[in-house]
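Residue numbers (this note's numbering), protein chains in the order written: chain A, 1 to 162; chain B, 1 to 162.
Note that beta-carbon positions come from the ideal geometry of N, C-alpha and C, so glycine has one too.
Scroll down for the structure; my scribbles are underneath it.
2 protein chains.
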Amino acid sequence: MTDLDTRVHLLLRAGGHTVATAESLTGGRLAVHLTDVPGASETYRGGIVAYATEVKSSVLQVPAELIDEHGVVSAECAQAMATGARALTGASYAVSTTGVAGPAEQEGKAPGTVFVGISGPGLLRALELDLAGERRDIQEQTCVHALEALAAILVSEETPLG
Amino acid sequence: MTDLDTRVHLLLRAGGHTVATAESLTGGRLAVHLTDVPGASETYRGGIVAYATEVKSSVLQVPAELIDEHGVVSAECAQAMATGARALTGASYAVSTTGVAGPAEQEGKAPGTVFVGISGPGLLRALELDLAGERRDIQEQTCVHALEALAAILVSEETPLG
């Protein structure tokens, strides 16, 4: 459990929010971050590890045409995965990860090419990452970036401008 | 990645099988074991982290009456979770975990009370575990027992009696 895991949990709890995950390259690691915090069941509802492409379509309802057009290593797929996880679980927010952990490239994209999606009330974003390192480093850095992005959104939501 | 993770991957691959996960108390850790192995995408299709009880029903299709009657910390729930994950992902095998990681008890059951479910072709089993240790130990031991149970089934399948 890291300070970032705890921070995300406390920000979610403070706002009365819950979160879900939809993971491809991180293969369950993002769920582990969110369930490592004592009291995780207050804020974490669940998630989908959509490792096979067909699971992204059949479980997360990512449209097959979207995958045909943009590939699974894309901002569009990341957003659709987050949207699907949020709908499936009823969580207020959902965070997704899709990309190339390596060592081989995928869809012609190099290891370290990663997209994070975040879906929330009136919000749908994607973040492109260009990460370096071994497979495990890329997976772990993806989790940290995803949690930091969610934390930033939760902070901005709690302190609206004006 | 452990030798056991690799062994399960190789046994699955040798039999032309795939696997899915349905996790409650392990919160994504079983998926991490199965995706840590190089070439995991050949055998691991995906999984569901069903942390909230409602996600067990809404995503994994565990009948609400089953939960009312037996609770989520039960052999019946473990079997229904594995059945649900197998159906959702199209994997040949599915492994589920449900139980009490602690520190608090749940449904009047002590930390360390854990059930593992395994669903496969013509096969539906549950394994009851009585584990000791801290929360993290209980989660990790659950993963090891679940993978060992799957490996034993895969071995017995490959060397039929007679």
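Across the structure, A/ALA152 and A/TYR93 are spaced so that their CA atoms are roughly 13 Å apart.
Taking 9 Å as the CB threshold, A/ASP36 lines the interface with chain B. Beta-bridge annotation (DSSP): A/THR142 is not paired with any residue. For A/ARG29, at least one C-beta of chain B is nearer than 9 Å to its own C-beta. Judged by DSSP in its simplified three-state form, B/THR35 adopts helix. Excluding residues up to 5 positions away in sequence, ALA22, LEU60, GLN61, VAL62 lie with their Cβ nearer than 7 Å to the Cβ of A/GLY84 in the same chain. Three or more beta-carbon pairs separated by less than 8 Å are not found between the segment 131–138 of chain B and the segment 46–59 of chain B, which leaves the two stretches without contact.
Between B/PRO103 and chain A, the shortest Cβ-Cβ separation is below 9 Å. The DSSP-derived three-state label of B/GLY102 is coil.
Under the 8 Å Cβ criterion, the segment 116–123 of chain B does not count as touching the segment 36–52 of chain B, having fewer than three qualifying pairs. Counting of Cβ neighbours within 10 angstroms places B/ASP36 among the buried residues, the total reaching 16 or more. For A/ALA80, the enclosing alpha helix (DSSP H) covers residues 75–89. Measuring C-alpha to C-alpha distances from A/PRO121 to each of A/GLY112, A/ARG136, A/ALA87, A/GLY28 identifies A/ALA87 as the nearest. Going by C-alpha positions, B/ALA146 is about 27 Å away from A/GLY102. Interface with chain B (9 Å Cβ-Cβ cutoff): A/SER41 is included.
Between the alpha carbons of A/GLN106 and A/MET81 lies a gap of roughly 18 Å. Cβ neighbours of B/VAL19 within its own chain (closer than 8 Å, five residues either side excluded): VAL8, LEU12, LEU34, THR43, TYR44, ARG45, ALA91, SER92, TYR93, ALA94, VAL95, LEU150.
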